[in-house]
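Presented below is the structure to which this report refers.
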């Protein structure tokens, strides 16, 4: 069982964190929430609507965006073009319109907003290979934000970042709900980042929820300490 | 000071269970591989 009988509530305007050792079921849960995996059981309500049977693109259109662990950007498109591609709302009608008006200007509102929120102004015309990993991670987040979602799920955005990049990312994540109205669901191994930016946290281990609460409550929870440092996980490095 | 109004959570998950290999069928899972045709 990848995830077993998990309950959680994410308040609008908050940063909710999900942590756990490798193989705890974190990505499986995000896959289920965003429609990439079919759950075996349970109910998923988003903004008052049951989305459990909707495909990923339908959930995205309702305002549920996500990033992936590996930032797969289009290498032959600039940063700005990567975001423009993500902001396109492709329908049959828009495809037909493109046939008639092939040079229709793209809707830039979400893209310009995402560039500003992620601080990408200085790299918009650069290619992914020309920017740092930290910036590429921010482009991945910007791509998820380009459709102006209500909730964004970030799958290990700090993986591979150095301390300065992680600090910058933390500031931007904290600002998402506070200044831009986007609720954040954050998965990461960087405990410093998670404990500093999240309002509420849940800890998974072997697919089960072993603790939930505020960062202060999680920090001292003996079950969490056991999961991260106990015998059955010794050597995982997390 | 008034008590804050209880708001409905944006995301509300109850009893979620995910098994390994529970992915949706791939959109391309029923597509055939392209045939390689010898050009002589």
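Protein chains in written order, with my numbering: chain A, 21 to 258; chain B, 975 to 1014.
C-beta atoms are modelled at their ideal positions from N, C-alpha and C, and glycine is treated no differently.
From a predicted model like this one, the values you see are computed outputs, not experimental measurements.
| Between which two residues does the beta strand (DSSP E) harbouring residue 230 (chain A) extend? | Numbered from its first residue, the first chain carries residue 230 (chain A) at position 210. 228 to 233 is the extent of the beta strand (DSSP E) around residue 230 (chain A).
By the criterion of Cβ-Cβ separation under 9 angstroms, what are the contact partners of residue 63 (chain A) in chain B?
Translated into the one-based positions of the first chain, residue 63 (chain A) becomes position 43. Ordered by position in chain B, the residues that pass the 9 angstroms Cβ test against residue 63 (chain A) are 986, 987, 988, 989 and 990.
### Query
If you count every other CB in all the chains shown that lies within 10 Å of the CB of residue 36 (chain A), and 16 or more means buried, which is it?
One-based indexing of the first chain puts residue 36 (chain A) at position 16. Buried: at least 16 other Cβ atoms inside 10 Å.
Measuring only the C-alpha atoms, how far is residue 86 (chain A) from residue 119 (chain A)? For the purposes of this step, residue 86 (chain A) is taken as the residue at position 66 of the first chain. For the purposes of this step, residue 119 (chain A) is taken as the residue at position 99 of the first chain. C-alpha separation (whole angstroms): 30 angstroms.
### Query
So what does DSSP say about residue 172 (chain A), is it helix, strand or coil?
Reading the first chain from its first residue, position 152 is the one you call residue 172 (chain A). Looking at residue 172 (chain A) - three-state DSSP - the assignment turns out to be strand.
- Using a threshold of 8 angstroms, state whether the C-beta atoms of residue 173 (chain A) and residue 54 (chain A) are closer than that. Start at 1 with the first residue of the first chain, and residue 173 (chain A) comes out as number 153. Start at 1 with the first residue of the first chain, and residue 54 (chain A) comes out as number 34. Against a cut-off of 8 angstroms, the Cβ pair of residue 54 (chain A) and residue 173 (chain A) comes out as a contact.
**Asked** At a cut-off of 7 angstroms, is residue 49 (chain A) close to the ligand SAM when judged by its beta-carbon and the heavy atoms of the ligand?
**Response** This structure does not include the ligand SAM; it has no bound ligands of any sort.
With the cut-off set at 8 angstroms, would you say residue 216 (chain A) and residue 233 (chain A) are in Cβ contact? Working through the first chain from its first residue, we reach residue 216 (chain A) at position 196. Working through the first chain from its first residue, we reach residue 233 (chain A) at position 213. Not a contact, by the Cβ cut-off of 8 angstroms.
Q. Which class does residue 211 (chain A) belong to by DSSP, given the choice of helix, strand or coil?
A. The count along the first chain starts at 1 and reaches residue 211 (chain A) at position 191. If DSSP states are grouped into helix, strand and coil, residue 211 (chain A) belongs with the helices.
Practice prompt. Apply the 10 Å Cβ neighbour rule to residue 206 (chain A) and answer buried if 16 or more other Cβ atoms are within range, or exposed otherwise.
Written response: Along the first chain, read from residue 1 onward, the residue named residue 206 (chain A) stands at position 186. When all chains shown are included, residue 206 (chain A) counts as buried.
- prompt: Which whole-angstrom value describes the C-beta separation of residue 157 (chain A) and residue 91 (chain A), a residue pair presumed to lie in contact below a C-beta threshold of 8 angstroms?
  reply: Along the first chain, one-based indexing puts residue 157 (chain A) at 137. Along the first chain, one-based indexing puts residue 91 (chain A) at 71. Sure, about 6 angstroms apart at Cβ, within 8 angstroms.
Next on the checklist: Considering only their Cβ atoms, is the gap separating residue 102 (chain A) from residue 137 (chain A) smaller than 8 angstroms?
Outcome noted: Position 117 of the first chain, counted from the start, is the residue given in the question as residue 137 (chain A). Position 82 of the first chain, counted from the start, is the residue given in the question as residue 102 (chain A). Going by C-beta atoms, residue 137 (chain A) is not nearer than 8 angstroms to residue 102 (chain A).
Do residue 225 (chain A) and residue 40 (chain A) come within 8 angstroms of each other at the CB atom, strictly closer than that value? Indexing the first chain from 1 puts residue 40 (chain A) at position 20. Indexing the first chain from 1 puts residue 225 (chain A) at position 205. In this structure, residue 225 (chain A) lies closer than 8 angstroms to residue 40 (chain A) by Cβ.
### Query
When the Cα of residue 178 (chain A) is compared with those of A:200, A:114, A:152 and A:202, which residue comes out closest?
Here residue 178 (chain A) refers to the residue found at position 158 when the first chain is read from its first residue. Comparing Cα-Cα distances from residue 178 (chain A) to each of A:200, A:114, A:152 and A:202, the minimum goes to A:152.
What do you get for residue 24 (chain A), buried or exposed, if any count of 16 or more other CB atoms within 10 angstroms of its CB means buried? Against the first chain, residue 24 (chain A) aligns to sequence position 4. Buried: at least 16 other Cβ atoms inside 10 Å.
Residue 163 (chain A): which of A:130, A:47 and A:74 sits nearest, CA to CA? Position 143 of the first chain holds residue 163 (chain A). The shortest C-alpha separation from residue 163 (chain A) is found at A:130.
inquiry  = What residue range does the beta strand (DSSP E) around residue 86 (chain A) cover?
reply    = Residue mapping note: residue 86 (chain A) aligns to position 66 of the first chain, counting from 1. 84 to 86 is the extent of the beta strand (DSSP E) around residue 86 (chain A).
Just to confirm the assignment: which complete alpha helix (DSSP H) runs, minimum length 4, are found wholly within the stretch 79 to 161 of chain A?
99 to 107, 112 to 120 and 129 to 138
If you run the structure through DSSP and keep just helix, strand and coil, what is residue 196 (chain A)? Taking the first residue of the first chain as 1, we reach residue 196 (chain A) at position 176. In this structure, residue 196 (chain A) counts as helix in the three-state DSSP scheme.
**Request:** Note the first and the last residue of the continuous alpha helix (DSSP H) segment covering residue 53 (chain A).
**Result:** By 1-based counting over the first chain, the position of residue 53 (chain A) is 33. Looking at the DSSP string, the run of the alpha helix (DSSP H) that includes residue 53 (chain A) is 46 to 54.
For this session: Return the Cβ separation of residue 59 (chain A) and residue 981 (chain B) in integer angstroms, given the expectation that the two are a contact with Cβ distance under 8 angstroms.
Result: On the first chain, residue 59 (chain A) is found 39 positions in, with the first residue counted as 1. On the second chain, residue 981 (chain B) is found 7 positions in, with the first residue counted as 1. Not confirmed; about 25 angstroms, so no contact.
Practice prompt. Give the DSSP bridge partners of residue 30 (chain A), in chain order.
Written response: Numbered from its first residue, the first chain carries residue 30 (chain A) at position 10. Paired residues: B:985.
> beta strand (DSSP E) containing residue 64 (chain A): first to last residue?
Replying inline: For the purposes of this step, residue 64 (chain A) is taken as the residue at position 44 of the first chain. Segment 61 to 66, the beta strand (DSSP E) holding residue 64 (chain A).
Sheet register partners of residue 36 (chain A) (DSSP bridge): Working through the first chain from its first residue, we reach residue 36 (chain A) at position 16. In the DSSP output, where bridge partners are listed per residue, residue 36 (chain A) has A:205 and A:220.
### Query
How should residue 256 (chain A) be labelled, buried or exposed, when 16 other C-beta atoms within 10 angstroms of its C-beta is the threshold for buried?
As a position in the first chain, residue 256 (chain A) is number 236, starting the count at 1. At residue 256 (chain A) the pLDDT is 42, less than 50, meaning the model places this residue with poor confidence; the figure from the coordinates comes in the next sentence. So residue 256 (chain A) ends up on the exposed side.
**Asked** By Cβ distance, which residues of its chain are closer than 6 angstroms to residue 49 (chain A), with the 5 residues on each side in sequence left out?
**Response** Reading the first chain from its first residue, position 29 is the one you call residue 49 (chain A). These residues qualify, in order along the chain: 23.
- Message: Short of 8 angstroms Cβ to Cβ, which residues in the stretch 155 to 170 of chain A face chain B?
- Response: 170
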